[in-house]
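Below is one structure; the comments refer to it alone.
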Amino acid sequence: MLVSKGPLARCGATPMAGADFTLDGLSLSRMGFPGEPKDTKGKFFNDIVTQGFYLNNQKLVEQYIGSAPARLKELLEWGMKVDSSEERAIFTSGLGLVDTVCRRAKTCGVDFLEDVMVLDLVIQGGRVVGALGLDIPTGEFIRFRSRAVIIATGGWHKAFWPNTGMRDLSGEGIAMAHRAGAEIGNMEFITFCCNILLWPPIWRGSLATYILSLRIDAELTNSAGEVFLKKYDPFVVKWGTYMEWNKGFVSFASTREIRDGKGSPHGGVYFGLGSTPYETFEKIALGRFPGWKYKALDLSEMPKIFKEGKAVEVGPVVEYFDGGIVVNEKFETAVEGLYAAGECTLGPFGANRVERTRKRPPCPSFPCRSSVICREKPKKPWDERMARNRRKSGGRSRRWPIRI
Ligand SMILES: Cc1cc2nc3c(=O)[nH]c(=O)nc-3n(C[C@H](O)[C@H](O)[C@H](O)COP(=O)(O)OP(=O)(O)OC[C@H]3O[C@@H](n4cnc5c(N)ncnc54)[C@H](O)[C@@H]3O)c2cc1C
C-alpha cells in the first residue's frame with residue numbers, strides 16, 4: 002500500500018526534477034550509452050565523498066554506486082524513456098520517472114491511496130505496527146496496520162518561503178520518525194539553489210533562470226549596478242561556479258549583497274544577459290523551454306524583458322535537503338519495523354550533492370518515488386476487507402477499509 006498526501010503526479014519534488022539518474026561512466030558505457038569508458042566506480046566514489054565534504058555515510062555511497070547500474074537497467078526494462086545522456090548520467094523527466102515507477106508498482110499489486118496525510122506512526126512493544134492517517138477530502142481518520150512502514154516523505158520545503166518544491170513537503174515524515182525514536186542527522190545541510198526567479202509572483206520559485214545560467218554567460222548585479230561576483234578572487238569564482246558548488250557559492254554571494262542593503266525590491270539580485278547576445282539567449286532558451294513554457298509555467302514575458310536590456314529578479318531559494326532520518330544500507334532506522342528512503346533520509350551525499358559530469362554544473366539524483374508504504378502486504382483479515390472494499394468500489398481500491 003502506497004499512501005500519498007497528494008495526487009501522485011502533482012505532489013512531491015520528483016515531478017519538478019530535471020531529472021537525471023547518475024552512475025559511473027564505465028557502467029553507463031557498458032549499458033550501450035556513450036558514458037565514459039575511462040571512468041570507474043572508485044573515481045565516482047571519490048567525487049561523491051570529496052564533494053560531500055567527507056560528511057557522507059560512505060556505506061550508503063558504496064551501496065548507491067554498486068546498485069545504480071542494476072536500478073537503471075530495471076527502470077529501462079519497465080519502460081522509462083531516456084531523453085539524453087552525459088558521461089555519468091542519463092536524463093529522463095521527473096513525471097516520466099513517477100509514471101514508470103507507479104505503473105510498475107501497480108503491476109506488482111501495490112494499492113495506491115492518494116490525498117491521505119499520515120499523521121503519526123503506531124508503536125506497540127517498541128516496534129512500528131502501523132500508522133494513523135487523515136483522509137484530506139473527507140476529514141476521516143484512517144488506521145493502517147502493517148508489519149513495516151517505509152517513510153519516503155521527501156524534504157521540508159514548506160518551512161521556507163519562497164521555495165522551489167511542492168507545498169505538500171512539510172517534513173512530517175522526519176518528525177514522526179523522530180518521535181518514534183529514530184535518529185535524525187545532517188539537518189543543517191540544506192541546498193539553496195541560486196538564480197531562482199523571484200518576480201513576478203507567478204514565476205516565484207522557478208528554476209528557469211538557474212537552468213539558463215548553466216548555458217549562457219548571464220550577469221548578476223546588485224541594486225548599485227555592480228557585477229558583484231567580480232569582488233571575489235577569480236579562482237574562487239571559477240570553482241565556486243563549477244559543479245553543484247555553484248549553488249552554495251552564488252547563493253552566498255547573492256545573500257551577502259541582499260544583507261548589505263544592495264538587493265532588488267523583492268529580496269533578490271538582478272539577472273541579466275551580460276555579454277550574451279539576445280539572439281543567442283533566445284535560441285538557447287527556446288531549445289530548453291519550447292514555446293516559452295517550462296513545467297507548465299508561461300515564460301513568454303521573459304524575452305521581452307531581456308530584449309529591452311532589462312534584468313529579472315532572482316535569488317537563493319531552498320531546493321533540497323541532504324539530512325534526515327538516519328538509515329543503514331538496508332534502509333532500516335533504529336526503530337524496529339520502520340524504514341526510510343529518498344530525500345527524507347540522511348542519504349549518501351553528505352553536505353552537498355555530487356556532480357554528474359566534469360563539464361557542466363550538475364543536479365545528481367537519488368530519488369525514491371513513494372511516500373509512506375506499508376512494506377509487506379498485511380495478512381487476513383485485512384486482505385478480505387480490502388477485497389470487499391474493492392468489490393464495493395467497482396474494482397478501484399482507493400480507500401483502506403480500517404477506520405477508527
Ligand atoms: C525544483 C526541483 C528540481 C530538482 N531537480 C533535480 C534534478 O534535476 N535532479 C535530481 O537528481 N534531483 C533534483 N531535485 C531533487 C529531487 O527532485 C528530490 O530529491 C527527489 O525527487 C525526492 O524524491 P522522494 O521520492 O524522496 O520525495 P518526493 O518526490 O518529494 O515525494 C514525497 C512524497 O511524500 C508525500 N508525503 C509527504 N508527507 C506525507 C505525509 N505526511 N503523508 C503521506 N504522504 C506524504 C508527498 O505528497 C510526496 O508524494 C530537484 C528538486 C526540486 C524541488
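Going left to right, the sequence shown walks through residues 2 to 405 as the numbering used here numbers them. Virtual Cβ for every residue (Gly too), placed ideally from N, Cα, C. All of these numbers come straight from a predicted model, not from anything done at the bench.
Could you check whether the Cβ of residue 87 sits closer than 8 Å to any heavy atom belonging to ligand 1?
Within the sequence shown, the letter at position 86 stands for residue 87. For residue 87, the Cβ stays outside the 8 Å cut-off from all heavy atoms of ligand 1.
request  = Below 6 Å CB to CB, which residues in the same chain sit around residue 347 once its five sequence neighbours on both sides are set aside?
outcome  = Residue 347 sits at position 346 when you count from the first residue of the sequence shown. Around residue 347: 186, 187, 324, 325 and 327.
| task | Compute every distance between the C-beta of residue 6 and the non-hydrogen atoms of ligand 1, then say whether any falls below 8 Å. | result | Counting from 1 along the sequence shown, the entry for residue 6 is found at position 5. Checking every heavy atom of ligand 1 against the Cβ of residue 6, one is found closer than 8 Å.
Check: In terms of residues, what are the limits of the alpha helix (DSSP H) holding residue 102?
Finding: Translated into positions along the sequence shown, residue 102 becomes position 101. DSSP places residue 102 inside the alpha helix (DSSP H), whose first and last residues are 95-108.
Discussion item. Could you check whether the Cβ of residue 345 sits closer than 8 Å to any heavy atom belonging to ligand 1?
Written reply: Counting from one through the sequence shown, the residue named residue 345 turns up at place 344. Yes, the beta carbon of residue 345 sits closer than 8 Å to at least one heavy atom of ligand 1.
#### Entry: Own chain residues within Cβ distance below 7 Å of residue 265, not counting five before or after
Within the sequence shown, the letter at position 264 stands for residue 265. Cβ neighbours of residue 265 beyond the five flanking positions: 224, 271 and 314.
Item to complete: In the DSSP assignment, find the unbroken beta strand (DSSP E) run with residue 121 in it and report its ends.
Response: The residue given as residue 121 occupies position 120 in the sequence shown. Taken as a continuous stretch (DSSP letters only), the beta strand (DSSP E) holding residue 121 covers 117-125.
**OP:** Taking only the alpha-carbon atoms, compute the straight-line gap between residue 181 and residue 130 and give it to the nearest angstrom.
**Re:** Walking along the sequence shown from the start, residue 181 turns up at place 180. Walking along the sequence shown from the start, residue 130 turns up at place 129. Just so you know, the alpha carbons of residue 181 and residue 130 end up roughly 11 Å apart.
Open item on the list: Closer than 8 Å is the cut-off here; do at least three beta carbon pairs connect the stretch 121-129 with the stretch 142-157?
Closed with: Counting Cβ pairs under 8 Å, three or more are found: they touch.
### Query
Would residue 89 be called buried (16 or more neighbouring beta carbons within 10 Å of its own) or exposed?
As a position in the sequence shown, residue 89 is number 88, starting the count at 1. It is buried - the Cβ of residue 89 has at least 16 other Cβ atoms within 10 Å.
Original post:
In the structure shown, what three-state DSSP assignment does residue 13 receive?
Top reply: Mapped onto the sequence shown, residue 13 falls at position 12. In the structure shown, residue 13 sits in coil (DSSP, three-state: anything other than H, G, I, E or B).
*asked:* Quick test of your reading: residue 273 and residue 220, contact by CB under 8 Å. State the CB separation rounded to the nearest angstrom.
replied: As a position in the sequence shown, residue 273 is number 272, starting the count at 1. As a position in the sequence shown, residue 220 is number 219, starting the count at 1. With a Cβ gap of about 5 Å, residue 273 and residue 220 count as contacting.
Q) Any heavy atom of ligand 1 closer than 8 Å to the CB of residue 9? A) Numbered from 1 along the sequence shown, position 8 holds the residue referred to as residue 9. Yes, since a heavy atom of ligand 1 falls inside the 8 Å radius drawn around the Cβ of residue 9.
Contiguous alpha helix (DSSP H) assignments of at least 4 residues, all confined to the stretch 247-323:
Listed in chain order, the alpha helix (DSSP H) runs fully inside the stretch 247-323 are 279-289 and 303-308, counting runs of at least 4 residues.
(message) Closest to residue 22 by C-alpha separation, out of 76, 107 and 155, would be which residue?
(response) As a position in the sequence shown, residue 22 is number 21, starting the count at 1. Nearest option by C-alpha distance: 76.
If you check the beta carbons only, do residue 190 and residue 352 fall under 9 Å apart?
On the sequence shown, position 189 is the one that residue 190 refers to. On the sequence shown, position 351 is the one that residue 352 refers to. At the C-beta level, residue 190 and residue 352 come within 9 Å of one another.
Next item on the list: Would you list the one or two residues that DSSP bridges to residue 85?
Entry: By one-based count along the sequence shown, residue 85 stands at place 84. Answer by DSSP bridge pairing, in chain order: 92.
In chain order, what are the residue ranges of uninterrupted alpha helix (DSSP H) at least 4 long that sit wholly in the stretch 155-189? Considered as a whole, the stretch 155-189 harbours 173-181 as its complete alpha helix (DSSP H) runs of no fewer than 4 residues, in chain order.
*Can you give the Cα-Cα distance for residue 375 and residue 195, rounded to whole angstroms?*
In the sequence shown, the residue the question calls residue 375 occupies position 374. In the sequence shown, the residue the question calls residue 195 occupies position 194. Model confidence at residue 375 stands at a pLDDT of 38, short of 50, so the residue's coordinates are unreliable; what they give is reported in the following sentence. The alpha-carbon atoms of residue 375 and residue 195 are separated by roughly 37 Å.
Q.
Using 8 Å as the cut-off, can you tell me whether the stretch 283-296 makes contact with the stretch 226-241, which would need three or more C-beta pairs spanning the two stretches below that distance?
A. With the rule of 3 Cβ pairs closer than 8 Å, the stretch 283-296 does not count as touching the stretch 226-241.
Helix, strand or coil at residue 145 [DSSP, three-state] | Locating residue 145 in the sequence shown gives position 144, where the first residue counts as 1. In this structure, residue 145 counts as strand in the three-state DSSP scheme.
Rank 350, 339, 345 and 7 by C-alpha distance to the C-alpha of residue 132 and give the top, closest one. The count along the sequence shown starts at 1 and reaches residue 132 at position 131. Of the candidates 350, 339, 345 and 7, the one whose C-alpha sits nearest the C-alpha of residue 132 is 339.
Can you grab the Cα-Cα spacing for the pair residue 128 / residue 289, in whole Å? If you number the sequence shown from 1, residue 128 lands on position 127. If you number the sequence shown from 1, residue 289 lands on position 288. Their backbone Cα atoms lie some 49 Å apart in a straight line.
_With 16 other Cβ atoms within 10 Å as the buried cut-off, status of residue 245_ = Residue mapping note: residue 245 aligns to position 244 of the sequence shown, counting from 1. Residue burial is scored here from C-beta neighbours: residue 245 has at least 16 other C-beta atoms within 10 angstroms and is therefore classed as buried.
Query - C-beta atoms of residue 166 and residue 154 nearer than 9 Å - result: Here residue 166 refers to the residue found at position 165 of the sequence shown. Here residue 154 refers to the residue found at position 153 of the sequence shown. No; because the gap between Cβ atoms is not below 9 Å, this pair is not in contact.
task: May I ask whether a heavy atom of ligand 1 can be found less than 8 Å away from the beta carbon of residue 147?
output: Within the sequence shown, the letter at position 146 stands for residue 147. For residue 147, the Cβ stays outside the 8 Å cut-off from all heavy atoms of ligand 1.
Would you give the residue range spanned by the beta strand (DSSP E) that residue 228 belongs to? On the sequence shown, residue 228 is found 227 positions in, with the first residue counted as 1. Where residue 228 is concerned, there is no enclosing beta strand (DSSP E), given that its DSSP letter is neither H nor E.
Practice item. Pull up the distance between the alpha-carbon of residue 301 and that of residue 354, whole angstroms please. Key: As a working note, residue 301 is residue 300 in the sequence shown. As a working note, residue 354 is residue 353 in the sequence shown. Cα to Cα, residue 301 sits roughly 32 Å from residue 354.
* Within the same chain, show all residues whose beta-carbon is closer than 8 Å to that of residue 86, passing over the 5 residues directly before and after it, in chain order. => Taking the first residue of the sequence shown as position 1, residue 86 is located at position 85. Taken in chain order, the residues that qualify are 29, 34, 35, 36 and 92.
- [ ] Confirm the yes/no value for this check: CB of residue 171, any heavy atom of ligand 1, distance under 8 Å.
- [x] For the purposes of this step, residue 171 is identified with residue 170 of the sequence shown, where counting begins at 1. Flag set: Cβ of residue 171 near ligand 1.
- Taking just the CA atoms, how far does residue 213 sit from residue 242? Start at 1 with the first residue of the sequence shown, and residue 242 comes out as number 241. Start at 1 with the first residue of the sequence shown, and residue 213 comes out as number 212. Their Cα atoms are separated by approximately 14 Å.
Where the beta strand (DSSP E) containing residue 220 begins and where it ends | Stepping through the sequence shown from its first residue, residue 220 is reached at position 219. For residue 220, the enclosing beta strand (DSSP E) begins and ends at 220-222.
inquiry  = Using 8 Å as the cut-off, can you tell me whether the stretch 291-301 makes contact with the stretch 194-211, which would need three or more C-beta pairs spanning the two stretches below that distance?
reply    = Short answer: they touch.
Just the Cα atoms here: how many angstroms apart are residue 218 and residue 248? The residue given as residue 218 occupies position 217 in the sequence shown. The residue given as residue 248 occupies position 247 in the sequence shown. Each residue's Cα considered, the two are about 16 Å apart.
message = Within 10 Å of its beta-carbon, does residue 349 have 16 or more other beta-carbons around it, so buried, or fewer, so exposed?
response = Counted from its first residue, the sequence shown places residue 349 at position 348. Residue 349 comes out buried.
query: Taking the alpha carbon of residue 308 as the point to measure from, which residue in 115, 332, 278 and 100 has its own alpha carbon closest?
result: Taking the first residue of the sequence shown as 1, we reach residue 308 at position 307. Sorting 115, 332, 278 and 100 by C-alpha distance to the C-alpha of residue 308 places 278 at the top.
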